[in-house]
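Keeping their order, the protein sequence lines are chains A and B.
Residue numbers are given in numbering that gives the first Met the number 0: position 43 of the first sequence equals residue 42, and the series is strictly consecutive.
Residue numbers are given in numbering that gives the first Met the number 0: position 430 of the second sequence equals residue 429, and the series is strictly consecutive.
Note that CB positions come from ideal geometry on N, CA and C, so glycine has one too.
Notes follow once the structure below has been shown.
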Amino acid sequence: MGRTIIDLKDIYKRFYIGTPNELEVLHGISLQVMEGEFVSIVGASGSGKSTLMNIIGALDRPTEGSYTLDGVNVIAAKDAELSQIRNRKIGFVFQTYNLISKTNAIKNVELPMLYAGIPGKQRIARAGELLELVGMQDRMKHLPEELSGGQKQRVAIARAMANDPAIILADEPTGALDSTTGRLVMDLFHKLHDEEGKTIVLITHSPELAEETERIVTIKDGNILGERKGTGR
Amino acid sequence: MIYENIRLAVFSLKANKMRALLTMLGIIIGIGSVIAIMTVGDSVTATVTESMSSLGANNITVTLEEREDADADDESVQMGMDWGSSDEDAKQPSQEDYITTEMLRQMKDALGSSIKAYSISEQVGAGQIQQEADGATAEVSVKGTSLGYFLANDMNLVQGSFFSEDELQNGAMVALLSEKALDDLFDGDVTKAVGSTVNLAIDNKYYNFIIEGVYEESDDATQNMYAMFMNHHATDLYIPLKTAQEINHSSGYQTLTVVVDPNENPDQVAAQIESFFANIYRNNRDFEVSAMSMASMVSIMETMMDTITTAIALIGGIALVVGGIGVMNIMLVSITERTREIGTRKALGAPNSSIRVQFIIESIVICLIGGAIGILIGCIGGIAAANYIGASAVPSVKSILISLGFSMAIGVFFGYYPANKAAKLNPIDALRYE
Ligand SMILES: Nc1ncnc2c1ncn2[C@@H]1O[C@H](COP(=O)(O)OP(=O)(O)OP(=O)(O)O)[C@@H](O)[C@H]1O
Ligand SMILES: [Mg+2]
Chain A
0 MGRTIIDLKD IYKRFYIGTP NELEVLHGIS LQVMEGEFVS IVGASGSGKS
50 TLMNIIGALD RPTEGSYTLD GVNVIAAKDA ELSQIRNRKI GFVFQTYNLI
100 SKTNAIKNVE LPMLYAGIPG KQRIARAGEL LELVGMQDRM KHLPEELSGG
150 QKQRVAIARA MANDPAIILA DEPTGALDST TGRLVMDLFH KLHDEEGKTI
200 VLITHSPELA EETERIVTIK DGNILGERKG TGR
Chain B
0 MIYENIRLAV FSLKANKMRA LLTMLGIIIG IGSVIAIMTV GDSVTATVTE
50 SMSSLGANNI TVTLEEREDA DADDESVQMG MDWGSSDEDA KQPSQEDYIT
100 TEMLRQMKDA LGSSIKAYSI SEQVGAGQIQ QEADGATAEV SVKGTSLGYF
150 LANDMNLVQG SFFSEDELQN GAMVALLSEK ALDDLFDGDV TKAVGSTVNL
200 AIDNKYYNFI IEGVYEESDD ATQNMYAMFM NHHATDLYIP LKTAQEINHS
250 SGYQTLTVVV DPNENPDQVA AQIESFFANI YRNNRDFEVS AMSMASMVSI
300 METMMDTITT AIALIGGIAL VVGGIGVMNI MLVSITERTR EIGTRKALGA
350 PNSSIRVQFI IESIVICLIG GAIGILIGCI GGIAAANYIG ASAVPSVKSI
400 LISLGFSMAI GVFFGYYPAN KAAKLNPIDA LRYE
């Protein structure tokens with residue numbers, strides 16, 4: 000396989016809850032993800048998966064360690080640069096969808112492009128294509144409150160794809176869905192991986208879904224316990 | 000981007016209509032009162048200036064007044080409440096204090112041709128007149144007048160005649176009725192009114208007057224305003240000056256109007272009249288005579304209007320500040336409610352500046368809508384109030400533009416802090432917010 004796109008070395012994350020209490024959540028994690036890889040992260044609740052994911056997504060900074068994302072040193076980046084990294088290189092999919100309320104599906108998908116400064120016509124065209132890709136072309140003008148959980152998640156995936164990011168980060172995207180709908184969403188990730196060649200990092204509590212990915216990384220109490228190959232379908 | 004933000008702001012306002020309206024209330028009241036008062040103030044000032052230049056610009060009002068230094072030791076003066084309490088302990092002028100006919104003759108000699116005429120009137124009081132035939136009544140304010148009074152006030156008769164020299168000299172029991180009183184007493188029938196007898200009740204005394212004429216009521220705005228401020232809605236019933244003096248048991252005058260020759264400077268003549276009387280009254284400890292031209296009265300009125308306008312504008316300004324604080328408060332609430340949305344936007348790559356702009360625009364939209372409603376209410380209120388006084392009013396475009404600018408400035412000023420707070424939220428904290 001090709002080049003390393005995510006390169007984490009000795010990442011520590013500590014939270015300070017009042018001066019004497021220091022809570023170390025990540026104890027020196029090192030992880031590399033190759034371009035085009037489909038990786039899943041599994042582990043018990045509270046083990047630090049989301050914390051790690053937020054660092055990978057440039058939403059949070061590690062307390063210690065080095066992180067290079069697609070050749071960019073994230074640790075040294077200023078806040079303004081971080082928002083640009085999030086905008087161009089990363090697509091987020093959340094467990095709770097996090098669509099902007101009172102804003103219809105197509106506008107939600109347009110949002111990352113709006114922040115990227117892409118002109119209106121182009122935005123609408125691309126958002127339409129993406130909604131078609133996730134099978135939501137009939138619900139473009141619907142508000143989030145008019146959509147089911149699975150439909151919302153498909154819109155959210157389309158939104159994550161908006162600026163054609165290098166990686167898609169999904170934190171328990173099927174966590175709030177039943178197994179059938181979860182299956183549908185998972186198929187969508189496979190489609191993005193197989194057809195669009197996206198690098199995907201997925202956190203999941205479902206062993207079956209994790210098994211379908213190319214590599215399974217297990218985290219326990221802030222350390223990488225081990226990793227193994229998945230079936231990759 | 001800007002358009003998107005405006006659309007979003009309007010959306011979130013629509014979602015919380017009642018809250019938005021309450022938030023805007025301060026802005027509405029502030030802008031509304033400022034616009035209303037500016038509209039009324041402008042029209043009053045314009046009307047006063049206009050009526051001054053058309054009529055009465057050459058009039059000087061001469062008044063017998065209590066000397067300001069006469070009761071300098073008086074407590075009320077020391078307390079600075081002179082004007083508030085002066086009614087109670089004001090000295091009544093006695094017969095020897097009044098301005099006499101003899102003084103006026105001397106004044107005319109001294110000032111010569113600069114005086115065209117003088118008009119004298121003496122207030123008898125408010126009373127009720129009753130028509131003899133069917134008992135219909137009207138409220139009137141009874142005023143004794145000289146012939147010059149009708150000249151000075153540019154008055155016309157609908158029917159009948161002014162008082163004759165004889166009637167003026169002898170103090171005849173004749174009267175001139177206003178059109179309003181005519182409506183009340185005679186159903187507007189002029190021919191029936193002239194020559195008939197009315198009964199006047201004043202201070203529990205009764206007098207019979209023969210109606211000699213009916214005068215045209217001026218709809219002069221200044222006069223209407225005066226009537227409103229003085230809470231004096233009854234129309235005047237004019238009787239000969241001498242008759243009034245007999246009813247009042249007085250022999251002199253308290254006030255008169257001097258009509259100045261148009262070629263003379265009224266202020267100069269007023270000063271001359273004042274110094275003329277100062278000489279006569281130099282030994283009078285309690286009273287003096289003041290003379291004031293219409294022009295200086297108008298300028299006093301204008302200063303007064305300016306003061307009132309400034310005061311109300313200030314109150315409006317305070318309402319605006321309070322309104323602005325309300326907007327800031329609601330923006331803080333809205334930002335707290337939408338913390339997760341802010342987190343999501345940041346996760347999608349929104350730079351801090353665009354979050355800041357989003358919320359500042361929302362705050363500006365609230366303030367501008369409030370300002371626009373305020374301007375609308377202010378214009379309607381101002382025009383209505385001006386019409387009530389009898390002046391025509393046009394809200395000034397300048398004050399509307401200034402108000403809009405001001406609303407926008409308030410939006411920016413009071414929206415900046417909450418917007419900045421939103422912009423600086425840590426993305427993770429915002430996303431994890433419950
Ligand atoms: N902002 C924070 N302040 C303090 N402690 C935090 C903070 N964020 C996370 N933690 C702690 O870090 C630990 C790991 O949390 P994290 O959300 O990464 O777990 P997780 O593996 O994603 O769990 P789950 O599977 O339930 O989502 C937890 O013990 C949590 O209490
Ligand atoms: Mg988690």
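8 Å Cβ shell around residue i - same chain, five flanking residues per side excluded
i	result
Gln94 of chain B	Ser249, Ser250, Gly251
Met293 of chain B	Met51, Gly55, Ala56, Asn57, Asn58, Ile59, Thr60, Pro265
Glu301 of chain B	Thr44, Val47, Thr48
Thr18 of chain A	none
Gly148 of chain A	Tyr96, Ala175, Leu176, Thr180
Arg205 of chain A	Looking at the sequence provided, one finds Ser at residue 205 of chain A rather than Arg. Answer for Ser205 of chain A: Thr173, Gly181, listed in chain order.
Ser113 of chain B	Val259, Asp260, Glu263, Val268, Gln271
Ligand 2 heavy atom lying under 7 Å from the CB of residue i
i	result
Ser49 of chain A	yes
For residue j and residue i, believed in contact at Cβ under 8 Å, the rounded distance
i	j	result
Ala422 of chain B	Ile368 of chain B	Ala422 of chain B to Ile368 of chain B, Cβ: 23 Å. No contact.
Gly187 of chain B	Ile209 of chain B	Rounded, the Cβ-Cβ distance is 19 Å, inconsistent with contact.
Leu430 of chain B	Gly342 of chain B	3 Å
Leu113 of chain A	Arg122 of chain A	7 Å
Ile156 of chain A	Val92 of chain A	6 Å
Ile89 of chain A	Ala57 of chain A	6 Å
Leu236 of chain B	Val141 of chain B	5 Å
Leu142 of chain A	Lys190 of chain A	About 26 Å; that fails the 8 Å criterion.
Gly29 of chain B	Leu319 of chain B	4 Å
Contact test: residue i Cβ vs ligand 1 heavy atom, cutoff 7 Å
i	result
Leu7 of chain A	no
Ile379 of chain B	no
Leu168 of chain A	no
Gly56 of chain A	no
Ile16 of chain A	yes
Leu176 of chain A	no
Gly251 of chain A	A query on residue 251 of chain A cannot be resolved here, the shown segment of chain A reaching from 0 to 232 and no further.
Gly64 of chain A	no
Val24 of chain A	yes
Gly42 of chain A	yes
Same chain, Cβ closer than 7 Å to residue i, five either side skipped, listed in chain order
i	result
Cys366 of chain B	Ile26, Val326, Ser406, Met407, Ile409, Gly410
Gly380 of chain B	Gly31, Ala35
Tyr11 of chain A	Glu23, Leu25, His26, Gly27, Pro61, Thr62, Glu63, Gly64
Pro92 of chain B	Leu63, Gln253, Phe286
Val9 of chain B	Val364
Leu103 of chain B	Tyr117
Asn247 of chain B	Glu121, Val123
Residues of its chain near residue i, where Cβ-Cβ distance is below 6 Å and the 5 sequence neighbours each way are ignored
i	result
Ala243 of chain B	Glu121, Val123, Gly143
Asp73 of chain B	In this predicted model, Asp73 of chain B has a pLDDT of only 45, less than 50, meaning its place in the structure is not dependable enough to derive any value.
Lys345 of chain B	Pro426
Ile399 of chain B	Ile374
Ala109 of chain B	Phe275
Tyr66 of chain A	Leu7, Val73, Ile74
Ser85 of chain B	Here the model assigns Ser85 of chain B a pLDDT of 45, short of 50, so the residue's position is not dependable and the matter cannot be decided.
Within-8 Å CB hit, residue i to chain E
i	result
Glu433 of chain B	The structure shown has no chain E; the protein chains it does contain are A and B.
Practice item. Report the residues of the region 5 to 23 of chain A with a CB closer than 9 Å to any CB of chain B, ordered along the chain. Key: Cβ contacts with chain B come from no residue of the region 5 to 23 of chain A.
Practice item. Identify each residue in the region 321 to 349 of chain B for which the Cβ-Cβ distance to at least one residue of chain A is less than 9 Å, and report them in chain order. Key: Residues of the region 321 to 349 of chain B whose Cβ lies closer than 9 Å to any Cβ of chain A, in chain order: Arg337, Arg339, Glu340, Gly342, Thr343, Arg344, Lys345, Ala346, Leu347, Gly348, Ala349.
Review point. Using a Cβ cut-off of 8 Å, which residues of the region 5 to 20 of chain B contact any Cβ in chain A, in chain order?
Key: Of all residues in the region 5 to 20 of chain B, only Leu7, Phe10, Ser11, Ala14 place a beta-carbon less than 8 Å from a beta-carbon of chain A.
Point to revise | Residues from the region 38 to 60 of chain A in contact with chain B, defined by Cβ distance under 8 Å | key: Of all residues in the region 38 to 60 of chain A, only Asn53, Gly56, Leu58, Asp59 come within less than 8 Å of chain B when Cβ atoms are compared, listed by chain position.
Exercise for review: Taking only beta carbons into account, state which residues of the region 76 to 87 of chain A come closer than 9 Å to chain B, listed in chain order.
Suggested key: Cβ contacts with chain B: Asp78, Ala79, Leu81, Ser82, Gln83, Ile84, Arg85, Asn86, Arg87.
Point to revise | Residues of the region 145 to 168 of chain A with Cβ closer than 9 Å to any Cβ of chain B, in chain order | key: Contacts with chain B (Cβ-Cβ distance below 9 Å) from the region 145 to 168 of chain A involve Arg158, Ala159, Ala161, Asn162, listed in chain order.
Point to revise | Members of the region 26 to 42 of chain B near chain A, C-beta cut-off 8 Å | key: Against chain A - using a Cβ distance shorter than 8 Å - the region 26 to 42 of chain B contributes no residues.
**Study point:** Within 9 Å of chain A by C-beta, residues of the region 348 to 362 of chain B in sequence order
**Key:** Within the region 348 to 362 of chain B, the residues whose Cβ lies closer than 9 Å to some Cβ of chain A are Gly348, Ala349, Pro350, Asn351, Ser352, Ser353, listed in chain order.
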